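Residue numbers (the UniProt record's numbering), protein chains in the order written: chain V, 1 to 217; chain B, 1 to 217; chain W, 1 to 217; chain R, 1 to 217.
Worksheet: the structure to be examined is printed underneath.
Number of protein chains: 4
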Amino acid sequence: MSPRTREQNEEIRKQRKQEILQAAIRVYVDKGYSASEMGDIASQAGLAHGLVYYYFKNKKALFRELYEVMMEESRQFTKTFFEQEGSVFELFKNYAHIVCERVLEDPVIPRFYMRISLDLQHLYTPEEFSPFEWVKNFMYPMTQAIEKGIGQGTIQPGDANLMAMQFWGSVSQGMNYLDQVQQELIAQGNPETAYKEQLKKILDQVVESSVSLFKPQ
Amino acid sequence: MSPRTREQNEEIRKQRKQEILQAAIRVYVDKGYSASEMGDIASQAGLAHGLVYYYFKNKKALFRELYEVMMEESRQFTKTFFEQEGSVFELFKNYAHIVCERVLEDPVIPRFYMRISLDLQHLYTPEEFSPFEWVKNFMYPMTQAIEKGIGQGTIQPGDANLMAMQFWGSVSQGMNYLDQVQQELIAQGNPETAYKEQLKKILDQVVESSVSLFKPQ
Amino acid sequence: MSPRTREQNEEIRKQRKQEILQAAIRVYVDKGYSASEMGDIASQAGLAHGLVYYYFKNKKALFRELYEVMMEESRQFTKTFFEQEGSVFELFKNYAHIVCERVLEDPVIPRFYMRISLDLQHLYTPEEFSPFEWVKNFMYPMTQAIEKGIGQGTIQPGDANLMAMQFWGSVSQGMNYLDQVQQELIAQGNPETAYKEQLKKILDQVVESSVSLFKPQ
Amino acid sequence: MSPRTREQNEEIRKQRKQEILQAAIRVYVDKGYSASEMGDIASQAGLAHGLVYYYFKNKKALFRELYEVMMEESRQFTKTFFEQEGSVFELFKNYAHIVCERVLEDPVIPRFYMRISLDLQHLYTPEEFSPFEWVKNFMYPMTQAIEKGIGQGTIQPGDANLMAMQFWGSVSQGMNYLDQVQQELIAQGNPETAYKEQLKKILDQVVESSVSLFKPQ
DNA sequence: TATGAATGAGCATTCATTCAT
DNA sequence: TATGAATGAATGCTCATTCAT
Numbered sequence: 001m002s003p004r005t006r007e008q009n010e011e012i013r014k015q016r017k018q019e020i021l022q023a024a025i026r027v028y029v030d031k032g033y034s035a036s037e038m039g040d041i042a043s044q045a046g047l048a049h050g051l052v053y054y055y056f057k058n059k060k061a062l063f064r065e066l067y068e069v070m071m072e073e074s075r076q077f078t079k080t081f082f083e084q085e086g087s088v089f090e091l092f093k094n095y096a097h098i099v100c101e102r103v104l105e106d107p108v109i110p111r112f113y114m115r116i117s118l119d120l121q122h123l124y125t126p127e128e129f130s131p132f133e134w135v136k137n138f139m140y141p142m143t144q145a146i147e148k149g150i151g152q153g154t155i156q157p158g159d160a161n162l163m164a165m166q167f168w169g170s171v172s173q174g175m176n177y178l179d180q181v182q183q184e185l186i187a188q189g190n191p192e193t194a195y196k197e198q199l200k201k202i203l204d205q206v207v208e209s210s211v212s213l214f215k216p217q
Numbered sequence: 001m002s003p004r005t006r007e008q009n010e011e012i013r014k015q016r017k018q019e020i021l022q023a024a025i026r027v028y029v030d031k032g033y034s035a036s037e038m039g040d041i042a043s044q045a046g047l048a049h050g051l052v053y054y055y056f057k058n059k060k061a062l063f064r065e066l067y068e069v070m071m072e073e074s075r076q077f078t079k080t081f082f083e084q085e086g087s088v089f090e091l092f093k094n095y096a097h098i099v100c101e102r103v104l105e106d107p108v109i110p111r112f113y114m115r116i117s118l119d120l121q122h123l124y125t126p127e128e129f130s131p132f133e134w135v136k137n138f139m140y141p142m143t144q145a146i147e148k149g150i151g152q153g154t155i156q157p158g159d160a161n162l163m164a165m166q167f168w169g170s171v172s173q174g175m176n177y178l179d180q181v182q183q184e185l186i187a188q189g190n191p192e193t194a195y196k197e198q199l200k201k202i203l204d205q206v207v208e209s210s211v212s213l214f215k216p217q
Numbered sequence: 001m002s003p004r005t006r007e008q009n010e011e012i013r014k015q016r017k018q019e020i021l022q023a024a025i026r027v028y029v030d031k032g033y034s035a036s037e038m039g040d041i042a043s044q045a046g047l048a049h050g051l052v053y054y055y056f057k058n059k060k061a062l063f064r065e066l067y068e069v070m071m072e073e074s075r076q077f078t079k080t081f082f083e084q085e086g087s088v089f090e091l092f093k094n095y096a097h098i099v100c101e102r103v104l105e106d107p108v109i110p111r112f113y114m115r116i117s118l119d120l121q122h123l124y125t126p127e128e129f130s131p132f133e134w135v136k137n138f139m140y141p142m143t144q145a146i147e148k149g150i151g152q153g154t155i156q157p158g159d160a161n162l163m164a165m166q167f168w169g170s171v172s173q174g175m176n177y178l179d180q181v182q183q184e185l186i187a188q189g190n191p192e193t194a195y196k197e198q199l200k201k202i203l204d205q206v207v208e209s210s211v212s213l214f215k216p217q
Numbered sequence: 001m002s003p004r005t006r007e008q009n010e011e012i013r014k015q016r017k018q019e020i021l022q023a024a025i026r027v028y029v030d031k032g033y034s035a036s037e038m039g040d041i042a043s044q045a046g047l048a049h050g051l052v053y054y055y056f057k058n059k060k061a062l063f064r065e066l067y068e069v070m071m072e073e074s075r076q077f078t079k080t081f082f083e084q085e086g087s088v089f090e091l092f093k094n095y096a097h098i099v100c101e102r103v104l105e106d107p108v109i110p111r112f113y114m115r116i117s118l119d120l121q122h123l124y125t126p127e128e129f130s131p132f133e134w135v136k137n138f139m140y141p142m143t144q145a146i147e148k149g150i151g152q153g154t155i156q157p158g159d160a161n162l163m164a165m166q167f168w169g170s171v172s173q174g175m176n177y178l179d180q181v182q183q184e185l186i187a188q189g190n191p192e193t194a195y196k197e198q199l200k201k202i203l204d205q206v207v208e209s210s211v212s213l214f215k216p217q
């Protein structure tokens, strides 16, 4: 066996970190930061728990990194999404649609966002991060889009940050509802085909309602 | 000296329990269930930590009681509120207005509701409480009102549970925003009079947007 | 109401102490020293738990006093008993008989003696009390009687302390057995008359066996 | 360095568990269940107290296991012993002799048995374990042997369970005495050789007396 | 890299004891 | 005397983290 090259090693290292973060998110959405145990995360990832410390300095560092990765991903997605051409109103509609569809396939992500804002204080000092700043950051591409829409007259005027947050509140409660209804239907033993249609109707309502927040009277 | 009468003792007990629950809620909104320490709660209440166990069997029991008290209060308020006469649409408008005003005086309550649904699993077994049931329960008076509004044609038709949740999502994100803006303004040292007006405008927008979810097209 | 006289007060005080000690012994035979809680003892006595401290300095003092009272009583009884005229052999026979009969009426006493020697270290420092001394003290009247019997040739010669202990071991295991059989029979719902005879036979065997330890070959 | 093999780990685990149980028994014979602290056990074993919980779920589980190990060992020994060929009477004589000799080398075992029956209620619920059943179980091989002896006419007839208990009571008080005398002699600074003879005499008396319980008149 | 045994700070909880009334 | 609210030292237990292999 020839020893692994540096590249191979780095590749493995990167992969392992990914695995651990994946495991962490699964544990996290269930338990939240304080109740998530490093041991759970390691088992979930199929590793000896000591090994986690080889990849992450400590629990806080692991979760900071998890947060930053998730945030970056979502920011990237949102940014790209709202930079698209087209009616701002339609953009928000499509956006709501897409994130709702995603939740039905993998509910981990919205559950992550439900929790994380409440746990940021465990990860960052107030100097490092105010929840206010956080929201502004997270919402930035939407806020921009809303302001553009206001300029175009397709969105009623007002505080764009607030609108973005309310839109997000409406969408995320909608996702929540979709998630729970889906779980309920699965728990009752329904086959997937049986409830697809039902979920689709709910999804459409979520989208329509959410964008109604923007409608000029 | 003769010992305290039974009435005196009952008075003391009632008072102390209240104080402890008040302290618990303050700690809780900051830290969440797992990170809330019984010691913190005791200090916050200005009591020896042993005393907390004189009044509550253990941490879980304390938080269960806190939850149930808060829930009952809110359910009572919401129920009474939505049983009032008058246009359903106006009721929701007033409701949003009132809860938003309350948050500016005492932000503890919305912060409590932000967290609690994520912590219920620590307090109850799945058999005792499914989050789905919880939401349905919590939202029940609103859902009823929405259905009434749909019947009257003043609210657009749809899944009333979902609408209630989205309304709640929109309002609570709005409260959140109000809370944060107020904190920001206070942190900057502004005197109350200086920002009252600004907050009022935001509040109005929160209300208007939230009820737009119900508007028939 | 005229105030109580000093005599009345002292009488009450004495009585209360007795009540507390009675309560203590009941708790003690069940739980042992460390697991006996002052609160249990107070409830058992029907008193507020603070009051116990008015009568006894602390837990250790209470149990020391309990021990000393019990010891004195038993020493008095044994001493008087073995100072009687008559055949030493018959004395031991009668002694075994009496203590066995007592256990059927009130099993608390032998249970107390089963435990107490193991708990003395919690009550006294080694300087104050060695278990060896304790046994010698407790057994003294018996030892004396045995030596007398040896002198008379009615008891086989040997280490009288040891003989007393083995006699005691045999009797107390016998009492144990009687106690347990009686409990078993009661638990099965038998009426008292039904098992009296059975217990009597066991009792006789306990007595006969125990004194056989002394028989000269 | 490569990590330890599975075999190495299993070896370590087995060893550590043994060490902890050994430490526990030493603490236990001194203090009893309630007063034995997990910290004491850990220090006694020379380990961090957290480690004890790595090997045993909690205090109760540790002591249950200790009890079961000791019980199994003793049951095995007694069973094998009394299944030997030969005069039943001689068997009991030899048995008494052996256990008494053992106590002089390692007094921990009889001390353990002195205490444990009083602590079983802390370890098991009444449904799991009645003291009556316990004794019957513990004594079973002896009881069997006694019944055989009665059948052969070498032991006087009677309740075999009771006889076994009284025999045990006599032997264990004898061991107790031996243990205490030895301690006393050691405490006085006597060298071993000086008191060997004295202890031997006591031991012989213990044996002779104990078996006299079985002698047919 | 990888494992899992070992450590110990930290938190929940209990209970003897004190104290205001 | 009597009550029961209040205190805090002590103990059981957990879990993040380290370390020998």
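A virtual CB, placed ideally from N, CA and C, is assigned to each residue, including glycine.
Quick caveat: nothing in here was measured; it's all calculated off a predicted structure.
query: Give me the residue from K200(B), M142(B), D159(B), E19(B) with the minimum Cα distance to F82(B).; result: M142(B)
query: With burial defined as no fewer than 16 other Cβ atoms inside 10 Å of the residue's Cβ, what is the status of S2(W): buried or exposed?; result: In this predicted model, S2(W) has a pLDDT of only 47, less than 50, meaning its place in the structure is not dependable enough to derive any value.
query: Quick one: list the residues of chain R neighbouring V206(W), beta-carbon separation under 8 Å, in chain order.; result: L162, Q166
query: With distances taken between CB atoms, is the gap from S170(V) to Q166(B) smaller than 9 Å?; result: yes
query: Between which two residues does the alpha helix (DSSP H) containing Q152(W) stretch?; result: 131-152
query: Could you tell me the alpha carbon to alpha carbon distance between residue 230(R) and V108(W), rounded to whole angstroms?; result: Outside the shown range of chain R (1 to 217) lies residue 230(R), about which nothing can therefore be said.
query: Just checking, does the segment 172-192 of chain V make contact with the segment 176-186 of chain B on the three C-beta pairs under 8 Å criterion?; result: no
query: Within 10 angstroms of the Cβ of A96(W), are there 16 or more other Cβ atoms? Answer buried if so, exposed if not.; result: buried
query: Between H97(R) and chain W, is any beta-carbon pair separated by less than 9 Å?; result: no
query: In chain R, which residues lie less than 7 Å from D106(W) when you measure between Cβ atoms?; result: Correct list: empty, because the minimum Cβ distance to chain R is about 18 Å.
query: Which of the residues in the UniProt domain "HTH tetR-type" (14-74) of chain V, read from start to end, lie with their CB under 7 Å from any CB of chain B?; result: G32, S34, A35
query: Could you check what DSSP says for A48(B) in three-state terms: helix, strand or coil?; result: coil
query: Less than 9 Å between CB atoms is the rule here; does N94(B) satisfy it with respect to chain V?; result: no
query: Of the choices N9(W), Q44(W), F89(W), whose alpha-carbon is the least far from that of K148(W)?; result: F89(W)
query: Is Q84(W) helix, strand or coil by DSSP?; result: coil
query: Output the distance between the C-alpha atoms of S34(V) and T125(R), rounded to the nearest integer angstrom.; result: 35 Å
query: Using only alpha-carbon positions, find the residue among I41(W), I146(W), Y113(W), L51(W) that is nearest to L91(W).; result: I146(W)
query: Span of the alpha helix (DSSP H) holding P216(R)?; result: Per DSSP, P216(R) belongs to no alpha helix (DSSP H) and is neither H nor E.
query: Measure from the C-beta of L120(B) to each C-beta in chain V and report whether the shortest distance is under 9 Å.; result: no
query: State buried or exposed for N9(B), treating a residue as buried only when at least 16 other CB atoms are found within 10 Å of its CB.; result: exposed
query: Tell me whether D179(B) sits in a helix, a strand or coil according to DSSP, three-state version.; result: helix
query: Quick one: residues in its chain with C-beta nearer than 8 Å to the C-beta of Q152(R), no 5 flanking neighbours on either side, listed in chain order?; result: V88
query: Assuming L104(B) and L199(B) are in contact, meaning their beta carbons sit under 8 Å apart, how far apart are those beta carbons, in whole angstroms?; result: 6 Å
query: With a cut-off of 9 Å, does the C-beta of R115(W) fall near any C-beta of chain R?; result: yes
query: Provide the residue span of the alpha helix (DSSP H) that contains F56(W), from first to last.; result: Where F56(W) is concerned, there is no enclosing alpha helix (DSSP H), given that its DSSP letter is neither H nor E.
query: Mind checking whether I41(R) and V29(R) have CB atoms under 9 Å apart?; result: no
query: Name the chain B residues that come within less than 7 Å of K215(V), Cβ to Cβ?; result: S212
query: I'd like to know whether the C-beta atoms of R75(V) and F138(V) end up nearer to each other than 9 Å.; result: yes
query: Closer than 9 Å, CB to CB, is residue 230(V) near chain B or not?; result: Here chain V comprises residues numbered 1 to 217, so residue 230(V) is not present and cannot be evaluated.
query: 9 Å is my cut-off, CB to CB: does M1(V) come that close to chain B?; result: Residue confidence is low: M1(V) scores 41 on pLDDT, short of 50, so the model does not pin down where it sits. Its coordinate-derived value is still stated next. By this cut-off, M1(V) is not an interface position.
query: Against E128(V), what residues of chain B qualify as contacts under a CB-to-CB distance less than 9 Å, listed in chain order?; result: Neighbours of E128(V) on chain B: none; closest Cβ ~16 Å, over 9 Å.
query: Restricting to Cα atoms, I'd like to know which of R6(W), T80(W), A48(W) is closest to A23(W).; result: A48(W)
query: What residue does the alpha helix (DSSP H) around A24(B) start on, and which one ends it?; result: 6-31
query: Between N176(W) and chain R, is any beta-carbon pair separated by less than 9 Å?; result: yes
query: Could you check if R111(B) is buried or exposed, using at least 16 other CB atoms within 10 Å of its CB as the buried criterion?; result: buried
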